[in-house]
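> Mapping of the sequence shown onto full-length UniProt numbering: residues 1 to 244, in sequence order. There's a structure below that I have some questions on.
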Amino acid sequence: MARATGIAVWTRIAAQLREDIASGAIVPGGRLPPEAALASRFAVNRHTVRRALEDLARDRLIRIEHGRGSFVAEPVLDYQINLRPRFSEWVRRHNREPFGDKLSLRMIDPADLPECTIIREVLGLAAGEPVLELLRRGTADARPLSLSRHIFPARLEGLHAALLNHATITAALAQIGIADYLRLRSRITCRMPTPRECALLELERDAPVLHCENVNVTAANTPLELCFAIYPSHRVALIVEPTA
């Protein structure tokens with residue numbers, strides 16, 4: 001790359017890479033060429049390329065994963081944690097098309113689940129009382145955004161059939177007479193995904209996820225659901241605002 005008076009070479013490289021990203025030559029989530037390839041392309045040393053990449057990372061146009069390379073940043077969708085947990089409404093507010101893919105639905109003894117103690121406590125289950133476990137993958141414009149396990153008391157009459165017949169949990173609950181439900185609390189942590197979660201969310205093994213443990217209740221404050229949901233941390237930002 002020929003030098004221009006007053007303009008650092010790394011600045012010009014960064015500007016060219018910005019143009020490549022803006023034009024769609026490198027799509028969101030796509031990997032940039034390795035540093036060595038970029039150094040060859042611009043006829044500079046790798047240190048100069050690295051400085052250009054760091055500039056793009058500061059502006060959040062790319063993310064640098066040590067040992068793997070640099071990737072064009074994907075749009076991050078803000079998810080406001082509020083009273084009504086509605087995946088479809090959240091995605092549509094970002095002008096994306098939501099879809100909930102039902103991966104499995106089964107009746108199971110909570111004793112067979114690792115979260116047995118909290119499930120029984122939150123849902124107020126009697127000894128030996130089963131639950132319904134629904135596994136769903138949520139997407140926006142076909143891009144995976146969430147993987148969630150929804151645990152309901154199996155005593156809710158007609159819920160199994162309603163969950164099978166409806167695309168959304170809200171519609172399924174409405175069918176059995178639960179017109180509204182609210183979020184009582186959420187506990188948010190961060191962890192690394194399992195290999196299966198990586199496959200379902202189209203993630204690299206070292207991409208962290210946000211893990212939410214949500215307790216939902218009916219409008220009458222009756223325990224309804226315990227939900228364990230994960231979100232790719234580079235695609236979703238969880239927003240919590242004080243209510244008072």
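The C-beta atom is built at its ideal place from N, Cα and C for all residues, glycine as well.
Compute the beta-carbon to beta-carbon distance between arginine 155 and glutamate 129, rounded to the nearest angstrom, for a pair I have assumed lies under 8 Å.
Your numbering for residue 155 matches position 155 in the sequence shown. Your numbering for residue 129 matches position 129 in the sequence shown. Confirmed, Cβ separation roughly 7 Å.
> Using a 10 Å radius around the Cβ and a threshold of 16 neighbouring Cβ atoms, would you call glycine 177 buried or exposed?
Here the question's residue 177 lines up with position 177 in the sequence shown. Exposed, by the Cβ-count rule.
> Rounded to a whole number of angstroms, what is the C-alpha to C-alpha distance between lysine 102 and leucine 134?
Taking the sequence shown and counting its residues from 1, the one referred to as residue 102 is at position 102. Taking the sequence shown and counting its residues from 1, the one referred to as residue 134 is at position 134. Taking the straight line joining both Cα atoms gives about 7 Å.
> Under 9 Å between the Cβ atoms of aspartate 20 and arginine 84?
By one-based count along the sequence shown, residue 20 stands at place 20. By one-based count along the sequence shown, residue 84 stands at place 84. No; because the gap between Cβ atoms is not below 9 Å, this pair is not in contact.
> Tell me the DSSP secondary structure of arginine 58 in three-state form.
Residue mapping note: residue 58 aligns to position 58 of the sequence shown, counting from 1. Helix at arginine 58.
> Considering serine 88, what are the terminal residues of the beta strand (DSSP E) in which it resides?
Reading the sequence shown from its first residue, position 88 is the one you call residue 88. Taken as a continuous stretch (DSSP letters only), serine 88 belongs to no beta strand (DSSP E), being part of the alpha helix (DSSP H) at 87-93.
> With distances taken from CA atoms, which of Arg46, Glu54, Pro75, Ser40 is nearest alanine 22?
Translated into positions along the sequence shown, residue 22 becomes position 22. It is Pro75 whose Cα lies nearest to the Cα of alanine 22.
> Identify, in the order they occur along the chain, each residue of the same chain with its Cβ nearer than 8 Å to the Cβ of proline 28, setting aside the five sequence neighbours on each side.
Along the sequence shown, read from residue 1 onward, the residue named residue 28 stands at position 28. Answer for proline 28: Val72, Ala73, Glu74, Pro75, listed in chain order.
> For arginine 136, which option in Arg18, Glu97, Leu164, Asn82 has the closest C-alpha, if you only look at C-alpha atoms?
Counting from one through the sequence shown, the residue named residue 136 turns up at place 136. Out of Arg18, Glu97, Leu164, Asn82, Leu164 has the C-alpha closest to the C-alpha of arginine 136.
> CA-CA distance, isoleucine 7 and isoleucine 62?
By 1-based counting over the sequence shown, the position of residue 7 is 7. By 1-based counting over the sequence shown, the position of residue 62 is 62. Looking at the two C-alpha atoms, the distance is approximately 22 Å.
> Among Ala167, Thr189, Ala237, Cys116, whose alpha-carbon lies nearest the alpha-carbon of proline 153?
What you label residue 153 is simply residue 153 of the sequence shown in a count that begins at 1. Comparing Cα positions, the closest option is Cys116.
> Helix, strand or coil for histidine 160, going by three-state DSSP, please let me know.
Here residue 160 refers to the residue found at position 160 when the sequence shown is read from its first residue. Three-state DSSP puts histidine 160 in a helix.
> Only counting the same chain, and skipping five residues up and downstream in sequence, which positions put a Cβ closer than 6 Å to that of glycine 124?
As a working note, residue 124 is residue 124 in the sequence shown. Answer for glycine 124: Pro223, listed in chain order.
> Tell me the DSSP bridge mates of proline 98?
The residue you call residue 98 lines up with position 98 of the sequence shown. For proline 98, which the question treats as bridged, DSSP gives the partners Ala140.
> Using the C-alpha atoms, what's the distance from serine 146 back to alanine 37?
As a first step, residue 37 must be located in the sequence shown, where it is residue number 37. As a first step, residue 146 must be located in the sequence shown, where it is residue number 146. If you take the alpha carbons of alanine 37 and serine 146, they lie about 34 Å apart.
> If you draw a straight line from the alpha carbon of valine 240 to that of alanine 162, how long is it in whole angstroms?
The residue you call residue 240 lines up with position 240 of the sequence shown. The residue you call residue 162 lines up with position 162 of the sequence shown. The alpha-carbon atoms of valine 240 and alanine 162 are separated by roughly 31 Å.
> Under 9 Å, do residue 254 and arginine 51 count as touching if we go by C-beta distance?
The chain is shown from 1 up to 244; residue 254 falls before or after that span and cannot be answered.
> Please identify the residue among Ala219, Val217, Glu197, Thr218 whose C-alpha is closest to the C-alpha of alanine 229.
For the purposes of this step, residue 229 is identified with residue 229 of the sequence shown, where counting begins at 1. Among Ala219, Val217, Glu197, Thr218, the Cα nearest to that of alanine 229 belongs to Glu197.
> Suppose you measure from the CA of aspartate 59 to the CA of leucine 53; what does that come to, to the nearest Å?
Locating residue 59 in the sequence shown gives position 59, counting from the first residue. Locating residue 53 in the sequence shown gives position 53, counting from the first residue. C-alpha separation (whole angstroms): 10 Å.
> At the level of alpha carbons, what is the spacing between glutamine 16 and asparagine 95?
Taking the sequence shown and counting its residues from 1, the one referred to as residue 16 is at position 16. Taking the sequence shown and counting its residues from 1, the one referred to as residue 95 is at position 95. The straight-line gap from Cα to Cα measures roughly 29 Å.
> Based on Cα-Cα distance, which residue from Leu182, Cys212, Ala220, Arg205 lies nearest to asparagine 82?
In the sequence shown, residue 82 corresponds to position 82, counting from 1. Taking only the C-alpha atoms, the option nearest asparagine 82 is Leu182.
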